[in-house]
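One structure below.
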Amino acid sequence: MKFEFVEGSNLGVDVALVESVWKIYCWWLTFDGANYDTYCEEDAPTEAGNDVFNCDHAILQLWDLVLSQIVATDGTHAKAMKKSRMNSLASVRLSQMPRNIVCAPTSRRGELLVTWESIEPLKNNSKPVKVTLHSSSCMGDLSHSWDGLAHSRLIMNYEAHTSHVGSTAGVTFTELDPDMMYYTKVPRDFDGAFFGVEPPAIQPATESVYVESLEDQIMNDLNRQVTIDSADDVSDSLYRDPTPMDSSYSRLIGSSPTPRNCMSGIDEIEDIDEEGSVIRRWPIANVDGTHLNPSHRQENLVGGKIEHGELDWCGSFPGSHQFHRARDHPDDDVLIAKPKLKVINNNGKRPASNMAPGESLRRTEPRVEHIK
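The letter at position 327 of the sequence shown is residue 327 when you use full-length UniProt numbering, and the numbering goes up by one with no holes.
The following block contains the structure:
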């Protein structure tokens with residue numbers, strides 16, 4: 001059975017069966033004819049002619065006309081039932097057919113890259129696609145299978161040329177004869193699948209654009225060789241410190257340094273006030289913005305007591321110490337902290353600083369008035 005596109009404007013029919021030859025009105029090959037009286041959001045093809053064909057509805061309409069004439073010739077119930085299945089089968093296989101197939105040489109000698117597109121990528125990601133590369137002599141076809149995003153596998157490779165299917169960008173055939181022409185076919189990987197329109201035959205590059213030298217093969221964190229670890233081998237990298245190590249230095253392994261006071265290493269000054277309490281004071285340090293320079297030691301005697309309300313403590317008054325002014329500098333901002341002798345009383349509470357011994361703090365109950 002053959003198909004032939006003819007000028008049929010005078011016939012007034014779209015499809016006619018004439019002696020086992022299907023004659024189809026050539027108007028269907030135009031954009032206006034394929035989209036006549038049909039809702040379609042596709043734009044007209046450009047002059048470049050490399051647009052992806054997405055008007056599957058035109059093919060399905062012609063297919064339905066062909067099936068209708070077959071059923072009309074022998075209108076049995078069985079053939080009528082098969083028409084519905086054949087229409088749905090054609091619709092599914094058309095949606096899975098690879099489009100815009102391109103076969104082009106890469107920058108390396110003897111390599112060809114085959115790419116394609118899908119009009120329904122989300123539905124066809126898990127559908128295997130068979131990519132076959134034919135040579136001009138057709139002696140030993142190179143074939144790969146692309147299984148979408150799920151996984152990839154090698155179907156056959158008669159010539160033992162190694163290539164891998166890595167992504168939806170396509171497959172690369174390597175170690176090809178640069179003096180030979182190749183063409184490719186890309187259908188779904190099952191019997192009866194529709195072949196996408198094959199690109200013209202092409203020849204691989206005879207020389208590589210660049211030659212990779214040993215100096216270019218720099219090992220870093222991105223292209224470092226991958227090793228397979230074993231959970232039973234304690235020497236594998238599973239048990240190594242994952243911290244990157246620089247060859248220019250070695251990391252010291254030992255105990256963590258003991259936290260120290262910021263004034264550690266500086267001798268403290270002890271003094272005793274008139275009440276017999278020990279006072280510890282640190283020497284004053286001046287900060288010049290670049291480093292800390294300890295200045296001369298300064299000693300101050302305990303002066304007058306500072307009441308709680310005299311200074312602004314920013315809401316965080318340290319109740320464990322009593323603060324005094326310096327006796328020799330009563331007007332300067334020099335404060336001396338003196339630990340309180342007894343912070344917690346026998347009841348487990350902190351006594352008020354302005355209360356006489358034995359005096360208790362009585363809380364006034366709030367007055368509540370009820371409105372009738």
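Beta carbons: idealized from backbone N, C-alpha and C, even for Gly. In this text, all values refer to a predicted model and were calculated from it rather than measured experimentally.
Where residue i falls, given that 16 or more other Cβ within 10 Å makes a residue buried
i    : result
S118 : buried
L122 : exposed
F190 : exposed
H329 : exposed
L29  : exposed
V92  : exposed
G196 : buried
N54  : exposed
V171 : buried
R188 : buried
N87  : exposed
V131 : buried
K305 : exposed
N124 : buried
P98  : buried
A337 : exposed
Reduced DSSP secondary structure (H/G/I, E/B, other) of residue i
i    : result
C26  : helix
F31  : helix
N100 : strand
H329 : coil
L67  : helix
Q61  : helix
L112 : strand
K82  : helix
E310 : helix
V209 : coil
T227 : Model confidence at T227 stands at a pLDDT of 40, short of 50, so the residue's coordinates are unreliable and nothing is read from them.
A90  : helix
F53  : coil
P242 : Caution is warranted here: a pLDDT of 43 is assigned to P242, below 50, making its placement in the model unreliable, and the coordinate value is therefore given only provisionally. Coil, per DSSP.
Residue range of the beta strand (DSSP E) that includes residue i
i    : result
N124 : Run containing N124: none in the beta strand (DSSP E); it sits in the alpha helix (DSSP H), P121 to N124.
I336 : L335 to P339
T38  : That residue, T38, is in no beta strand (DSSP E); it is neither H nor E in DSSP.
F5   : K2 to V6
T132 : V129 to S135
L17  : V15 to V18
Backbone CA spacing between residue i and residue j [nearest angstrom]
i           : j    : result
V13         : Y25  : 7 Å
V129        : F194 : 11 Å
Y183        : S107 : 18 Å
residue 373 : M181 : This structure gives no information on residue 373, because the portion of the chain shown stretches from 1 to 372.
G303        : S320 : 19 Å
F5          : W27  : 9 Å
L113        : E198 : 14 Å
M7          : S68  : Strictly speaking, residue 7 in this sequence is Glu, with Met absent from that position. Taking the straight line from one Cα to the other gives about 21 Å.
W63         : V209 : 48 Å
L176        : P105 : 11 Å
Y39         : P204 : 43 Å
V186        : I101 : 8 Å
D56         : A90  : 10 Å
residue 431 : L133 : Outside the displayed range of the chain (1 to 372) lies residue 431, so it cannot be described from this structure.
K340        : D331 : 24 Å
R85         : E41  : 27 Å
E19         : A44  : 35 Å
T206        : S95  : 37 Å
K23         : K2   : 9 Å
K82         : F173 : 41 Å
V15         : I59  : 12 Å
D37         : T46  : 22 Å
W116        : C103 : 9 Å
I70         : L17  : 9 Å
A34         : Q61  : 9 Å
G192        : T73  : 25 Å
F323        : E307 : 8 Å
V21         : L65  : 14 Å
I202        : D32  : 33 Å
K127        : D179 : 34 Å
L335        : A326 : 6 Å
Near the ligand NAD: residue i beta-carbon under 7 Å from a heavy atom
i    : result
D177 : Among the components of this structure there are no ligands whatsoever, and the ligand NAD is therefore not found.
Neighbour flag for residue i against chain D, beta carbons, 8 Å
i    : result
E120 : Protein chain content of the structure displayed is limited to a single chain, and chain D is not contained in it.
request  = Counting only runs of 3+ residues fully inside the segment 166-199, write out the beta strand (DSSP E) ranges in chain order.
outcome  = List check, beta strand (DSSP E) in window: 170-173 and 182-185.
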